[in-house]
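> Please find one structure pasted underneath; my questions will follow.
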Amino acid sequence: MFIRFGYEIGIRCTQPTPMMTYLSVVPERRGGIVREHGPVASPTLAMEEITDPHGNACLRMVLPEGETGLSYDAVMNDDGRPDTSDPMAEAVPVERLPPAWLPYLSASRYCETDRLGALAWKLFGDIPAGWLRVQAICDYVHDRLVFSYGYAQAMRTALEAHEDRLGVSRDYAHLAIAFCRCMNMPSRFVNGYMTDVGAPESPAPMDFNAWFEVYLGDRWYTFDAKNNARRIGRIPVARGRDAADIPLMQTFGKHELTAFTVWTSVDSDVSLARSHRAADVSLLTPWFSETWSRHLQERDRNRH
1 MFIRFGYEIG
11 IRCTQPTPMM
21 TYLSVVPERR
31 GGIVREHGPV
41 ASPTLAMEEI
51 TDPHGNACLR
61 MVLPEGETGL
71 SYDAVMNDDG
81 RPDTSDPMAE
91 AVPVERLPPA
101 WLPYLSASRY
111 CETDRLGALA
121 WKLFGDIPAG
131 WLRVQAICDY
141 VHDRLVFSYG
151 YAQAMRTALE
161 AHEDRLGVSR
171 DYAHLAIAFC
181 RCMNMPSRFV
191 NGYMTDVGAP
201 ESPAPMDFNA
211 WFEVYLGDRW
221 YTFDAKNNAR
231 RIGRIPVARG
241 RDAADIPLMQ
251 TFGKHELTAF
261 TVWTSVDSDV
271 SLARSHRAAD
281 VSLLTPWFSE
291 TWSRHLQERD
301 RNRH
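First residue of the sequence shown? That's 1 in UniProt numbering, and the numbers climb one at a time after it.
Below, the structure is given as structure tokens:
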């Protein structure tokens with residue numbers, strides 16, 4: 001199948017401001033791109049691609065005073081298979097882990113393993129180490145938190161999400177990552193695009209999504225505590241210890257986000273003739289969080 005994906009972002013600065021973006025597809029997936037336009041900046045800017053310590057492709061540039069638009073639109077050939085599943089995958093003893101993965105066992109900005117360790121062992125200590133334990137963590141986090149974009153809060157940590165019992169996809173990922181690290185399983189945060197293939201219909205517009213990966217056996221496996229299901233058509237953009245490592249945009253100065261639209265659509269034909277604009281809704285509009293929050297409240301009332 002073919003996946004069309006992209007974004008349009010507007011940023012206003014009061015003076016020339018350096019910026020880095022974590023918006024490029026991870027290097028190992030770029031071979032599947034069959035059509036690509038961008039990234040394009042308006043006004044035109046010089047962009048330099050660099051690789052960060054986690055292996056992500058980043059762009060850095062200097063935004064001029066005033067408003068700058070960034071846009072990207074691409075089509076990727078995807079095999080249409082769901083996330084790999086292996087219930088027999090076992091946790092690797094810490095002393096045998098590859099040295100490069102050891103940092104993904106430690107506490108990070110949003111994942112306070114030191115404050116969640118006792119709870120993690122109480123909840124999951126009796127479950128066999130490996131896939132079954134990670135799935136139990138996903139089940140717990142999925143049931144513990146209530147999702148709504150109305151609850152988005154950039155500074156919320158894993159512990160705070162657990163206590164508040166609400167959040168967005170990054171909060172689900174941070175809490176699950178923290179629990180996995182407490183149980184000595186390397187875990188890392190992932191940003192990216194995700195299709196709605198096989199998922200229940202949602203009134204929410206498309207957005208960048210967050211999920212996580214856990215190292216079991218001899219490879220990294222994808223898990224998603226928010227959706228708690230194997231999904232089709234994920235396109236990773238960046239990986240890190242948590243969201244602090246891979247902000248979609250990192251400016252080194254004051255800025256204002258003026259537009260933010262994301263699209264992900266699927267077709268069996270590479271031409272993807274249907275315009276992505278049919279589903280465009282800016283994630284900055286008040287409609288988004290308020291309507292989605294009301295939708296969740298009504299859904300929950302109907303369940304009881």
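We put the CB at the ideal spot given by N, CA and C, even for glycine.
What you are looking at is a predicted structure, and each value in this text was computed from that prediction instead of being measured.
Span of the beta strand (DSSP E) holding T195?
Taken as a continuous stretch (DSSP letters only), T195 belongs to no beta strand (DSSP E), as it is neither H nor E.
> Around the Cβ of F179, are there at least 16 other Cβ atoms within 10 angstroms (buried) or fewer (exposed)?
Result: buried.
> To the nearest angstrom, how far is the alpha carbon of P186 from that of D79?
Roughly 27 Å separates the two Cα atoms.
> I believe Y22 touches L248 by the beta-carbon criterion, under 8 Å. Please report the beta-carbon distance rounded to the nearest angstrom.
At roughly 6 Å, the Cβ-Cβ gap stays under 8 Å, so Y22 and L248 are in contact.
> Starting from A161, trace the alpha helix (DSSP H) in both directions and tell me its first and last residue.
It spans 158–164 - the alpha helix (DSSP H) in which A161 sits, taken as one unbroken run.
> Can you name, in chain order, every residue of its own chain whose Cβ lies under 8 Å from the Cβ of A74, other than the five neighbours on each side?
Excluding residues within five positions, the ones whose Cβ falls inside 8 Å are R4, F5, G6, V25, I33, R35, E36, H37, G38.
> Using the three-state DSSP reduction, which class does Y7 fall into: helix, strand or coil?
Three-state DSSP puts Y7 in a strand.
> Do you know whose CA, among R156, H174, E201, S42, lies nearest L105's CA?
Here the closest residue by C-alpha is H174.
> How big is the Cα-Cα spacing for L119 and I177?
Roughly 14 Å between the two C-alpha positions.
> Going by Cα to Cα distance, which pick from V134, F147, F208, G233 is closest to N184?
Selected option, being the one with the closest Cα: V134.
> Taking only the alpha-carbon atoms, compute the straight-line gap between P98 and G217 and give it to the nearest angstrom.
In a straight line, the C-alpha of P98 is about 11 Å away from that of G217.
> Quick check on T44: buried or exposed, where buried means 16 or more other Cβ atoms within 10 Å of its Cβ?
So T44 counts as exposed.
> State the DSSP-derived secondary structure class of G117, mapped to helix, strand or coil.
Here G117 sits in helix by DSSP.
> Leaving out five residues on either side along the sequence, give the residues of the same chain with a beta carbon under 8 Å from the beta carbon of R231.
Result list for R231: P82, D83, M194, T195, V197, G198, A199, D224, in chain order.
> What are the boundary residues of the alpha helix (DSSP H) that includes S169?
Start and end: 169–182.
> When we look at the beta-carbon of D126 and count the other beta-carbons within 10 Å, is it buried (16 or more) or exposed?
Classification of D126: exposed, given that the 10 Å Cβ count is below 16.
> If you run the structure through DSSP and keep just helix, strand and coil, what is Y72?
Strand at Y72.
> Please state the DSSP three-state secondary structure of P103.
Note: P103 maps to helix in three-state DSSP.
> How about D242 and Y110: are their beta carbons less than 7 Å apart?
Yes, Cβ-Cβ distance for D242 and Y110 is below 7 Å.
> Any chance the CB of G69 is under 6 Å from a heavy atom of the ligand GTP?
Absence of the ligand GTP from the depicted structure is noted, as is the absence of any ligand whatsoever, leaving it without description.
> Pull up the distance between the alpha-carbon of L284 and that of R96, whole angstroms please.
Its pLDDT being 46, under 50, L284 is placed unreliably in this model, and the coordinates cannot settle the point.
> What's the call for F252, buried or exposed, on a 16-neighbour Cβ count within 10 Å?
That one is exposed.
> Given this structure, state the Cα-to-Cα distance separating S89 from A46, to the nearest angstrom.
At residue 89 the sequence reads Ala, which differs from the Ser that was named. A89 and A46: Cα-Cα distance of roughly 45 Å.
> Does L102 pass the burial test, meaning 16 or more other C-beta atoms within 10 Å, or should it be called exposed?
By the neighbour-count rule (16 or more Cβ atoms within 10 Å), L102 is not buried but exposed.
> Pull up the DSSP beta-bridge partners for G66, would you.
Answer is C13.
> In the DSSP output, which residue or residues are listed as bridge partners for V146?
V146 is bridged to L166.
> Helix, strand or coil for residue 311 per DSSP?
Lying before the first or after the last residue shown, residue 311 is absent from the chain, which here runs from 1 to 304.
> Are A161 and G167 closer than 7 Å when you measure CB to CB?
For A161 and G167, yes; Cβs fall inside 7 Å.
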